[in-house]
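Sequential numbering of the sequence shown, starting at 7, is according to my numbering.
Virtual Cβ for every residue (Gly too), placed ideally from N, Cα, C.
The structure presented is a predicted model; accordingly, all values stated were derived computationally and were not measured.
Below: one structure, written as structure tokens.
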Amino acid sequence: MSKVILTGDRPTGQLHVGHYVGSLRERVKLQNSGDFDRIFIMIADAQALTDNADNPEKVRRNIIEVALDYLACGLDPAKSVMFVQSAVPELCELSFYYMNLVTVSRLQRNPTVKAEIQMRNFEASIPVGFLTYPISQAADITAFRATTVPVGEDQLPMLEQTREIVRRFNAVYGDTLVEPDILLANNAACLRLPGIDGKAKMSKSLGNCIYLAEDADSVRQKVMNMFTDPGHLRVQDPGKLEGNTVFTYLDAFCRTEHFDRHLPEYPDLDALKAHYQRGGLGDVKVKKFLNAILQEELEPIRARRLECRKDVAAVRDMLEQGSRTAREVAAGTLADVRRAMKINYFDDASWLRECEAGA
Ligand code: TRP
């Protein structure tokens, strides 16, 4: 069986370093590994509308921003098909058939959807489209026969839901759909990179993000203001690593070679951590080291983004071409689904014979 990746992002804002370590960096590695037959990266505008119905302008504006972030990080249209969800209407039809295989109570149990409902004050009146977005996500994944879905931890319930739909569909209508596996980042800091304030997650509404497109000065300021150990008042005091955002970022970004370049008096991160815990290592020094690493990683991304920005028409064309390719693939799966469900009446000679026989 061929190995296929599908993943995507909602275009509700620019992507930040949480997206980068949680998924984007990994996607680029997977893309360049040559281990996959096809890779599809979807800008999930239709899903973004399920909780932004009254703000289509935000979604419309951010499609190109997300595409620029993709290209800047190294996703390459020669290797990965980048496309826009709403340009593939086959996904809607698949969702419509899958809806019959899922109960309302099952959707209401989805922990990610539950948390989002609370966050958006939807408790009193949940939009139907929002409650059912895990079903549409199953359509996104299965339409491309994805075997591997690299996403953040919060997407686990969506993958569970997809696998259930696949099993149910195949049991009822015969083996048709492919059951996908989730691929999570293998490092705890990458799985859930906190905001610069140390709060659970980076989020635009909390104003605690470092964006991929952000300029060097502003990144440096954010690093210098990062939350550390509030009990670490003097340099000589012992410091704590738990909940210390600067060290969580180092866990996500630091490689041993960074020490040679930026902090040669330590052999590796373990030695730096040990000194911090012992006392005698100040926050400013650690923050400067983190800043050097971040700048080194983000600088080429920023430069590529500015370069791509100069020709937005080319980015538009790339998305249009990608959407055309994606649509062809999804149409193939939809045809298989219709055949399996025996609703392909006009391509199916046996339907006419059954009708004639009055069966
Ligand atoms: N739910 C994902 C997010 O919020 C976006 C998404 C939509 C997605 N469809 C998908 C991710 C299919 C993986 C596979 O970021």
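When the Cβ atoms of the segment 58-67 are set against those of the segment 291-301, are three or more pairs found closer than 8 Å? No: fewer than three Cβ pairs fall under 8 Å.
Check whether the Cβ of Arg310 sits closer than 6 Å to any heavy atom of the ligand TRP, and report yes or no. The residue you call residue 310 lines up with position 304 of the sequence shown. Because no heavy atom of the ligand TRP lies under 6 Å away, the Cβ of Arg310 does not count as near it: no.
* Proximity test, Gln53 beta-carbon vs the ligand TRP heavy atom, cut-off 6 Å -> Locating residue 53 in the sequence shown gives position 47, counting from the first residue. Taking non-hydrogen atoms of the ligand TRP into account, the C-beta of Gln53 is found less than 6 Å away from one of them.
Quiz item: Between the C-alpha atoms of Tyr179 and Ser101, what's the straight-line distance to the nearest angstrom?
Solution: Taking the sequence shown and counting its residues from 1, one reaches residue 179 at position 173. Taking the sequence shown and counting its residues from 1, one reaches residue 101 at position 95. Cα to Cα, the separation comes out at about 16 Å.
| message | Assuming Pro156 is part of the beta strand (DSSP E), what are its boundary residues? | response | Along the sequence shown, read from residue 1 onward, the residue named residue 156 stands at position 150. From DSSP, the beta strand (DSSP E) with Pro156 extends over 154-156.
**Item:** Minimum C-alpha distance to Gly204 - residue among Leu21, Thr254, Asn127
**Value:** Residue 204 sits at position 198 when you count from the first residue of the sequence shown. Among Leu21, Thr254, Asn127, the Cα nearest to that of Gly204 is on Thr254.
key: Nearest-angstrom Cα separation, counted from Val119 out to Asn58   = What you label residue 58 is simply residue 52 of the sequence shown in a count that begins at 1. What you label residue 119 is simply residue 113 of the sequence shown in a count that begins at 1. Going by the C-alpha atoms only, they are around 15 Å apart.
Worksheet item: By DSSP, does Gly14 sit in helix, in strand, or in coil?
Response: Locating residue 14 in the sequence shown gives position 8, where the first residue counts as 1. In this structure, Gly14 counts as strand in the three-state DSSP scheme.
- Test item: CB-CB of Thr18 and Val155 under 7 Å: As a first step, residue 18 must be located in the sequence shown, where it is residue number 12. As a first step, residue 155 must be located in the sequence shown, where it is residue number 149. Going by beta carbons, Thr18 and Val155 fall outside the 7 Å limit.
Please identify the residue among Ala346, Arg284, Ala363, Pro306 whose C-alpha is closest to the C-alpha of Arg174.
As a first step, residue 174 is located in the sequence shown; it is residue number 168 there, counting from the start. Comparing alpha-carbon positions, the option among Ala346, Arg284, Ala363, Pro306 lying closest to Arg174 turns out to be Ala346.
Ordered along the chain, which non-local residues of its own chain (more than five positions away) have a Cβ less than 7 Å from that of Gln283?
By one-based count along the sequence shown, residue 283 stands at place 277. Closer than 7 Å at Cβ, skipping near neighbours: Pro244, Gly245, Leu247.
Indicate the three-state DSSP secondary structure (helix, strand or coil) for His238 in the structure shown. Numbered from its first residue, the sequence shown carries residue 238 at position 232. Correct three-state label for His238: coil.
Give me, in chain order, the residues of the same chain whose beta-carbon lies closer than 7 Å to that of Ile307; leave out the 5 immediate sequence neighbours on both sides.
Within the sequence shown, numbered from 1, the residue matching residue 307 stands at position 301. Listed in chain order, the non-local C-beta contacts of Ile307 below 7 Å within the same chain comprise Ala78, Cys79, Leu218, local neighbours out to five positions each way being set aside.
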